[in-house]
Amino acid sequence: MEHSVNATLPHRISSRLKLPLIVAPMLRVSGPDLVIASCRAGAIGAFPTANARSPDELDHWLARIAGALAEGEQPCAPYCPNLIIRSSRLKDDLACLVRHRVELVITSVGSPAPVIPALHDIGCLVFADVATMAHARKAMDAGADGLVLLTAGAGGQTGWLNGFAFARAVRAIFPGPIVLAGGICDGHALRAARVLGCDLAYMGTTFIATRESMASQAYKEMLVNCDMDDVLLTRAFTGLPANMLRPSITRAGLDPDRLDEDVSLEAARERYGGGTVMIEGPRRWTDIWSAGHSVSGVDAVMSVRELVDQIADEYTRTDVSP
């Protein structure tokens with residue numbers, strides 16, 4: 004198990020990790036199989052609660068994950084649901100997480116303030132996604148236990164700040180756990196995040212191309228065949244800056260160079276779907292696929308265990324001395 008993480012990460016978490024790594028929560032990709040495999044391999048497995056089709060299905064997912072992780076003799080890494088604050092299901096999903104007494108939660112798209120009291124009541128740590136210094140300060144004021152720094156190069160809805168500068172600026176004002184998200188593709192980059200003063204890092208794109216992810220085989224193969232030049236930053240599909248794969252846009256019958264970059268959130272939802280919206284054309288996340296700059300590090304489709312072992316070998320062998 005990994006024992007060299009910063010003291011800001013509680014020992015009850017760090018002592019169960021092989022790597023200081025969170026397998027990022029990804030829409031339409033992260034499900035129970037990916038989470039269980041990640042936790043068994045020694046990395047924190049995360050998933051958006053919205054990936055479960057209803058609060059009842061979320062209840063089944065949590066029971067399945069907890070049951071599977073309790074089977075082994077050695078303690079597994081914790082799992083981490085991701086609550087989308089502006090979701091219409093927030094109240095019901097939060098109640099479900101409280102019933103299951105989860106250890107960790109990541110919040111996204113909004114202030115964590117509405118969910119922190121209930122989660123703190125069960126001893127749960129709350130990590131908040133932040134993309135600016137202003138977001139970081141608001142999350143700190145709300146009582147977030149940790150901060151996930153969404154930086155330039157992350158897949159899907161992305162940040163725009165340089166990860167090196169952002170991590171150092173946040174570390175100067177925040178003594179708690181910091182997670183670096185965006186462009187982390189292997190053990191070398193993971194070690195660099197630790198040198199910056201981050202306790203953990205996200206890896207998302209790399210884990211889409213694993214056998215346990217819910218992504219289609221075509222999506223996984225596209226990742227193997229793409230590099231970071233195939234990643235397009237666009238507002239067209241969500242109304243917010245998002246990194247998407249050019250070949251998937253072309254495959255969906257659209258021209259990546261002729262997209263509507265002035266679209267509103269609502270118009271993007273009507274055109275490309277989300278939730279209960281019914282559309283006739285391609286759907287974001289389902290037909291139009293996301294990826295971060297770390298796609299250049301995806302060389303093959305493999306199991307989560309194989310990938311974590313590879314990252315761990317790189318992480319261990321990385322020499323950061325002058």
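Residue 4 is where the sequence shown starts when you use the working numbering, and the numbers rise one by one after that. In this text, a Cβ means the ideal position worked out from N, Cα and C, and glycines have one as well.
Annotation: glycine 276 to phenylalanine 240 spans about 9 angstroms, alpha carbon to alpha carbon.
Here isoleucine 119 is buried: its Cβ has 16 or more other Cβ atoms, across all protein chains shown, within 10 Å. Counting C-beta atoms within 10 angstroms of its own C-beta, arginine 31 has 16 or more neighbours from the protein chains shown and is therefore classed as buried. In the structure shown, the three-state DSSP call for isoleucine 47 is strand.
The continuous stretches of beta strand (DSSP E) do not include cysteine 99, which lies in the alpha helix (DSSP H) extending over residues 93–102.
Distances from the CA of arginine 272 to each of Asp265, Arg287, Ile47, Ala195 were compared; the closest alpha carbon is that of Arg287. Minimum Cα-Cα distance from alanine 116 among the listed residues Ala145, Asp132, Ala98, His138 corresponds to Ala145.
Phenylalanine 169 sits in a helix when the DSSP states are folded into three classes. Going by DSSP, methionine 231 is part of no alpha helix (DSSP H) at all; its letter is neither H nor E.
Annotation: the continuous alpha helix (DSSP H) that includes threonine 319 extends over 307–320.
In the DSSP annotation of this structure, the continuous segment of the beta strand (DSSP E) that includes isoleucine 25 starts and ends at 24–26. The closest CA to that of leucine 128, considering only Ser41, Ala147, Leu20, is found on Ala147.
Taking leucine 37 as the centre and dropping the five residues before and after it, the same chain places the C-beta of Val26, Gly48, Phe50, Phe210, Thr213, Glu215, Ser216, Met217, Val307 closer than 8 angstroms to its C-beta, in chain order. Separation of methionine 225 and glycine 207 (C-alpha to C-alpha, rounded to the nearest whole angstrom) is 15 angstroms. For the pair leucine 100 and proline 35, the Cα-to-Cα distance works out to about 15 angstroms.
Annotated as distal: valine 311 and cysteine 229, with beta-carbon spacing of 7 angstroms or more. Ranked by how close their Cα comes to the Cα of alanine 98, the residues Asp124, Gln77, Pro178, Glu309 have Asp124 in first place. Contact between serine 111 and aspartate 132 holds: their C-beta atoms lie close to 4 angstroms from each other, under 8 angstroms. Across the structure, lysine 21 and isoleucine 39 are spaced so that their CA atoms are roughly 15 angstroms apart. Exclusion of the five residues before and after methionine 29 leaves Gly207 as the residues of its chain whose Cβ lies within less than 6 angstroms of its Cβ.
Sequence-distant partners of phenylalanine 130 (beyond 5 residues in either direction) whose C-beta falls short of 6 angstroms from its own C-beta, in its chain, are Ile109, Gly149, Val151.
Membership of aspartate 148 in any beta strand (DSSP E) is not indicated, and neither H nor E is assigned to it by DSSP. Linking alanine 71 to aspartate 265 through their CA atoms gives a straight-line distance of about 45 angstroms. Setting aside the 5 residues that flank it on each side, arginine 67 is surrounded in the same chain by Pro35, each with a C-beta closer than 6 angstroms to its C-beta; the list follows chain order. When Arg254, Val198, Val234, Tyr222 are compared, the shortest CA-CA separation from threonine 321 is found for Val198.
Of all alpha-carbon atoms in Pro58, Lys94, Ala55, Met231, the one lying nearest the alpha-carbon of proline 250 is that of Met231. Collapsing the DSSP output to three states places arginine 174 in a helix.
Membership of isoleucine 252 in any beta strand (DSSP E) is not indicated; the residue belongs instead to the alpha helix (DSSP H) covering 249–254. Among the bridge pairs identified by DSSP, tyrosine 82 is matched with Gly48. Under the three-state reduction of DSSP, arginine 287 is assigned to strand.
Between the alpha carbons of glutamate 106 and valine 182 lies a gap of roughly 16 angstroms.
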